[in-house]
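A short worksheet on the structure shown next.
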Amino acid sequence: MPSTLSPSTLLPPVPRPRRRRRAALWGALVALLLIAQSLLLALTLSHEASRAQEAADQAATEVAAHAKQLMSRDLQGLQGLMWANEAEWRGNAAGLVRQSRIILRIESRDQQRRIERVVESPFLPPLFARLGREQLQLETELACAGAMRQGTPLFSRSYFVPLPDGEGLEVTDLCLPRVRAGEPPSYVVATVGLRALLEESISPEQARQFEMSFVEGDGTRLARTGLIRGSGIYLAERLLDLQGVSLQLRVDSGTGKPKLIPNLATALVLGLSLALLALVLVLARDGRRRAQAEHALAEALAFRQAMENSLITGLRARDLDGNISYVNPAFCAMVGYGAEELVGTGRPPQAPPYWPPEFIEEYWRRHHDREARWEAGLPPREGFETVFARSTGERFPVMIYEAPLLNAQGQQTGWMSAVLDLSAQRKVEELSRQQQERLQATARLATVGEMASLLSHELNQPLAAIASYATASINLMVREADDPQTPDMVRQAVTRIAEQAERAGRVIKSVHDFVRRREQSREWVRVEQLMDAVLPLVRLQARKSGTRIELDLPERLPRVRCDRTMVEQVLLNLTRNGIQAMDGPTALADRLLVIRVRPLQPRWLSIAVIDRGPGIPPEVARQLFTPFFTTRTEGMGLGLSLCRTVVEQHGGAMDFDSRVAPDSPTGTEFRFSLPCEDTAGGERSTLTGETSA
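The sequence shown: position 256 = 256 (UniProt numbering), numbered continuously.
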């Protein structure tokens, strides 16, 4: 936790004169260091600039000398062609252009300087393929005329030759006059590529460091070579004097301006100077920071203690032997023991006082199992529920989350546990369960109340029949005794009375069993038994609205494990909703309610209730399962909500599909699933039966 105190409150005040003197000394030290570093940087930058310029000058001198040497070598080869006979000339010229990449073309010319023989370089396409030689020989004519007058080889001025690929070369012609006694004069003309001359004159190391180029007096670049572009900072120029022409060689170094720290030695000196300055500053502030850290540590400890005291979650720390080393006030309040009674306890065989005696052996086994899992590299068990005992002897449930307790070196020293008291949660869950039971009972009573009128109508029929048969029996008994048919007719009437009384009894018993059956016990029940219990009540309402009931049940259905009363209520609610949905909007001939049962998975069974009503609009479907939402004025809005709750309590799920499109058959299908016996591998056959309401 950061401290709110200023540094001046943590250290004693320093007298003002002493503070000024210390500031002056520190200022002088910093100024000297800055001056020394500035001078060192200036000298280093100047030295590096001088070295870069010297390297450029040396490269220019070496390249110029090498180029002149190459031209002298090729001139000797060309002079040898002047004395070769006509048969040997072409072979010697071809060997010369293969040997020297500088010479791009060799021509033999007569007295009028007309071309007689030509040898092209094998390393390039024909030089004058795009523009003819006759269009690019003005400079050659001038050079040959001067060479004849002076009697020595001469170079022409450079000119540009375009190539077929869109590029071109800057070249110069070397004209050698040939004069023999008794023969007319002739000429040997060699075309020299300036770029090739540069490439042959420069070394690979120089090509990686410099950009070389031949330039004219106005700075126009004629040819260049080099693997980099020059930075334009360190330049060197040399004149390449050839017979009849001078070429200006420019060397541009790729090295830019020297960096702020040009070499390792300077970096080390600067780094040591800065480190020295930083070290002095750190030492000066070390005492102040130490005092601040001590104050912050004290506040952090106080803050942690206040935070632990305010927690409602119990904290407990134990060492590897199980000894309790720390408990917070919430844990003490939870179990009813003071910290002095708990710290130091727990080492086997002494159990903590909050362990119930009947669970001590089990808790020791769990403690040793957790240590064994941790030593084996497995994660310890976390988030387990157990039972503690208060000092009053009361048992209460707790949830414990445990994690290894590590020291600063990452070594485990024990276990840290967070303990939650679940007593209040269990009370809330029990209250919620009781409320749920009350709602379910209310829903069953409401269902029976809605069916009261149907029961009265259904019971009126057997009661009226009983009265009629009783009256007929009395009338038959007062008949003449000599009528032989009287006993049979009386016996038949009494039989009908018994049948109608049994029918009325079955109706009343179905309603009685549905209302009074309250226990929530899971049992294995056949689906046919569920249907037989619900169908008498369903047929009461179906007969009134003219709805047909259709059962779609496969043979040999597995038994389902459920709370029979609750599932019967779900079936009754869904069938009653389907019948009411068709009452009115659906034509009498189309009123059909289908109860379909299908195996969903090897251990699950699906039950669907399908009607042909108008469907459920989307705005109603979004809140269909919301408690107390209903579209009927006499409804409570609890039926579908309770149905989903009952199904989910059995581990199943409930959903529905509804069709409301006017151009297709409408209707709604409610489906829910229940756990059943394993049916994997069993054969199924479907039997569809239809009964009239």
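From the three backbone atoms N, C-alpha and C, an ideal C-beta is built for every residue, glycine too.
Hey, how far is the Cα of residue 669 from the Cα of residue 466? 41 Å
I'd like to confirm the pairing. Which residues does DSSP put opposite residue 415 in its beta bridges? 318 and 404
Determine which residues share a DSSP beta bridge with residue 253 and list them. 210
Roughly how far, in whole angstroms, is the beta-carbon of residue 147 from the beta-carbon of residue 184, given that I think they are within contact range, below 8 Å? No, residue 147 and residue 184 are not in contact; Cβ-Cβ is about 16 Å, not under 8 Å.
Taking C-beta to C-beta, are residue 230 and residue 254 nearer than 9 Å? yes
Residues of its chain near residue 105, where Cβ-Cβ distance is below 6 Å and the 5 sequence neighbours each way are ignored: 120, 127 and 191
Classify residue 722 as helix, strand or coil using the three-state DSSP reduction. Any answer about residue 722 is impossible in this case: the structure gives the chain only from 1 up to 693.
Can you tell me which residues form a DSSP beta bridge with residue 399? 385 and 420
Rounding to the nearest angstrom, what Cα-Cα distance links residue 576 and residue 553 in this structure? 19 Å
Closest by CA to residue 524, which one among 387, 560 and 470? 560
Does residue 167 come out as helix, strand or coil in the three-state DSSP assignment? coil
On the three-state DSSP scale, how would you describe residue 172? strand
Across the region 237-253 and the region 65-81, are there enough close Cβ pairs to call them in contact, namely three or more that are closer than 8 Å? yes
Is residue 466 helix, strand or coil by DSSP? helix
Do you know how far the Cα of residue 397 is from the Cα of residue 463? 58 Å
Applying the 10 Å Cβ sphere with the 16-neighbour rule, what's the burial state of residue 143? buried
Among 299, 530 and 400, the one whose alpha carbon lies nearest that of residue 420: 400
Segments of 4+ residues assigned as alpha helix (DSSP H) that fall wholly inside the region 63-105: 86-99
Can the beta-carbon of residue 251 be found closer than 9 Å to that of residue 60? yes
Pick helix, strand or coil for residue 645, following the three-state DSSP scheme. helix
With burial defined as no fewer than 16 other Cβ atoms inside 10 Å of the residue's Cβ, what is the status of residue 30: buried or exposed? exposed
Whole-Å CB distance - residue 174 paired with residue 159, under 8 Å assumed: The pair is not a contact, with the Cβ atoms about 13 Å apart (cut-off 8 Å).
Since residue 537 and residue 572 should fall inside the 8 Å C-beta cutoff, what is the C-beta to C-beta distance between them, to a whole number of angstroms? 6 Å
What residue range is occupied by the uninterrupted alpha helix (DSSP H) comprising residue 541? 527-545
First through last residue of the beta strand (DSSP E) which encompasses residue 331: Unbroken run through residue 331 is the alpha helix (DSSP H), 329-335; no beta strand (DSSP E).
Looking only at DSSP bridge pairs, what is residue 524 linked to? 561
Given residue 140, which residues of its chain have a CB within under 7 Å of its CB, disregarding the five upstream and five downstream residues? 156, 173, 175 and 189
Kindly list the residues whose CB is nearer than 7 Å to the CB of residue 390, restricted to its own chain and excluding five residues on each side of it in sequence; keep chain order. 335, 336 and 396
With distances taken between CB atoms, is the gap from residue 317 to residue 432 smaller than 9 Å? no
In whole angstroms, what separates the C-alpha of residue 457 from that of residue 424? Note that residue 457 has pLDDT 49, beneath the 50 cutoff, so the model's placement of it is unreliable and the number below is only indicative. So the two alpha carbons sit approximately 50 Å from each other.
Go to residue 550, then tell me how far its beta strand (DSSP E) extends in each direction, as first and last residue. 548-554
When 385, 78 and 642 are compared against residue 426, the one with the closest alpha-carbon: 385
Quick check: the region 581-599 against the region 612-620, are there 3 or more CB pairs under 8 Å? yes
Just to confirm before moving on: does the CB-CB distance between residue 597 and residue 605 stay below 9 Å? yes
Since residue 625 and residue 640 are thought to touch, with beta carbons under 8 Å apart, how far apart are those beta carbons, to the nearest angstrom? 5 Å
Locate the beta strand (DSSP E) running through residue 601, then write down its first and last residues. 592-601
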